[in-house]
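Residue numbering for the sequence shown is 244 to 595, as defined by our numbering.
Built from N, CA and C at the ideal position, the CB exists for glycine as well.
What follows is one structure encoded as structure tokens, with my remarks underneath.
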Amino acid sequence: MTVEKVKKADFHFDLPPELIAQQPLQRRSASRLLELDAAANTLTDRHFGELVERLQPGDLLVFNDTRVLPARLFGNKTSGGAVEILIERITGTHEARAQLGVSKKPKPGGRIVLADGSEVEVVGRDGPFFDLRFPTHEPLEKLLLRLGRMPLPPYITRDADDSDDERYQTVFARAPGAVAAPTAGLHFDQPLLDALTARGIEFGHVTLHVGAGTFQPMRSDELREHVMHREWLNVGAELVEKMRRTRAAGGRVVAVGTTVVRALESATRDGEVLPFAGETQIFIFPGYRITSVDGLVTNFHLPESTLLMLVSAFAGRECVLNAYRHAVGSGYRFFSYGDAMLIWPPARSRAA
């Protein structure tokens with residue numbers, strides 16, 4: 244299949260609704276782990292704790308340390324009607340871009356009254372997103388911590404509760420700014436991190452603030468016509484040096500999540516990862532060669548999603564879809580609170 248002929252429908256798979264995880268497991272690292280070795284074309288059913296043995300001393304795990312904001316707010320239009328606000332990204336001390344759940348979309352100049360009586364002004368609209376101004380004395384991030392709720396993904400059909408404040412957050416989250424979790428990192432708890440350290444595995448971090456646009460469906464059947472949403476990232480010099488040392492010593496760089504891959508590939512110039520901070524709209528799909536990482540830990544992704552396309556670029560579309568069919572048949576749990584995969588790419592793509 245040539246790149247020009249790849250379409251959204253080529254990434255469809257059938258998923259029974261009952262396999263969509265609605266709750267996290269009691270223990271983070273108790274998830275299952277499906278290992279896909281694309282070079283050997285093999286699939287192995289494992290438990291997530293076995294990741295320790297599947298990595299080698301000297302390997303480098305790269306995490307996304309973004310922290311999820313309680314980005315869901317509730318209010319009413321001054322003209323009447325309930326409004327649900329989902330912050331897509333904070334754009335200033337008192338400004339944000341957001342999606343609005345409301346029966347009739349407000350026009351610029353319209354106002355929304357929040358639960359504490361404070362008002363939000365609608366400044367403008369850009370497609371499905373609204374630019375909002377929060378004319379309050381406190382910074383928007385502080386207001387969210389006071390009034391906001393954790394923004395669970397739309398495929399989790401229950402309301403967020405207090406337990407999600409902790410479980411829809413990685414244990415290493417430290418840079419506030421995301422409105423969706425880097426979900427591959429949710430499987431790591433402190434005992435697992437300690438076991439990885441004892442094994443001789445190194446850790447590194449990027450920051451990529453995951454936006455609500457990650458849940459937006461592709462509206463074009465042609466992949467080349469799709470425009471990705473913008474996300475802010477930072478790849479620091481310390482991580483770049485760790486990656487260089489790891490590869491020089493024969494170790495492997497393993498990304499924890501597709502957001503890490505997007506960050507590292509956005510920071511790649513002429514095949515080399517360099518320090519970079521800024522926005523990215525990178526869209527990775529089959530035909531794109533990923534060179535920044537040698538392995539990938541990732542959750543199972545939605546049919547026809549850009550995340551599934553990225554994983555397919557890494558390991559091959561047929562290999563990945565075959566693994567997904569196996570996961571469905573074996574009862575794996577899907578999406579944010581679901582199980583995970585460990586993926587090794589075809590030998591020709593390995594950079595180590």
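Residue environment for residue 259: exposed (fewer than 16 other C-beta atoms within 10 angstroms of its C-beta). Of the candidates 392, 547, 582, the residue whose Cα lies closest to the Cα of residue 465 is 547.
Three or more Cβ pairs drawn from the region 379–391 and the region 354–369 lie within less than 8 Å of each other, which places the two stretches in contact. For residue 565, no beta strand (DSSP E) run applies; the uninterrupted alpha helix (DSSP H) run containing it begins and ends at 560–572, by DSSP. Rounded to whole angstroms, the separation of the alpha carbons of residue 440 and residue 577 is 28 Å. When the Cα atoms are used, residue 475 and residue 321 turn out to be separated by approximately 33 Å. Excluding five sequence positions before and after residue 563, the CB atoms of its chain that fall closer than 6 Å to its own CB belong to 554, 555, given in chain order. By the 16-neighbour rule on beta-carbons within 10 angstroms, residue 477 is buried. By DSSP's assignment, residue 288 forms a beta bridge with 277. Looking at the DSSP output, residue 373 bridges to 341, 368.
Rounded to the nearest whole angstrom, the C-alpha separation of residue 302 and residue 585 is 14 Å. A contact is defined here as three or more CB-CB pairs under 8 Å, and the region 496–507 meets this definition with respect to the region 521–539. For residue 445, the closest C-alpha among the options 461, 487, 324 is that of 487. In the structure shown, the three-state DSSP call for residue 521 is strand.
Runs of the beta strand (DSSP E) spanning 3 or more residues and lying entirely within the region 307–356 occur at 309–311, 315–320, 325–333, 338–344, in chain order. Restricting attention to 342, 285, 304, 503, the CA atom closest to the CA of residue 490 is found in 304. In this structure, 263 is the residue among 386, 522, 263 with its C-alpha nearest to the C-alpha of residue 399. Annotation: the continuous alpha helix (DSSP H) that includes residue 489 extends over 480–491. Residue state for residue 380 is assigned as coil, using DSSP reduced to three classes. When DSSP states are grouped into helix, strand and coil, residue 260 belongs to the helix group. Taking all protein chains shown into account, residue 296 has fewer than 16 neighbouring C-beta atoms within 10 Å of its C-beta and is therefore exposed.
Excluding sequence positions up to five before and after residue 492, its CB lies within less than 6 Å of the CB of 301, all in the same chain and listed in chain order. Contact annotation: residue 277 and residue 570 have beta-carbon atoms nearer than 8 Å. Between the alpha carbons of residue 413 and residue 284 lies a distance of about 31 Å. Note on geometry: alpha-carbon atoms of residue 479 and residue 294 lie some 26 Å from one another. Residue 274 is a Cβ neighbour of residue 583, given a cutoff of 8 Å. Relative to residue 342, the option among 335, 394, 291 whose CA is nearest is 394. A distance below 8 Å separates the beta carbons of residue 425 and residue 453. Rounded to the nearest whole angstrom, the CA to CA distance from residue 463 to residue 552 is 14 Å. The beta carbon of residue 514 sits closer than 7 Å to those of 534, all from its chain and outside the five residues before and after it, given in chain order.
DSSP lists 250 as the bridge partner or partners of residue 465. Within its own chain, the residues whose Cβ lies closer than 7 Å to the Cβ of residue 419, once the five positions on either side in sequence are excluded, are 310, 312, 384, listed in chain order.
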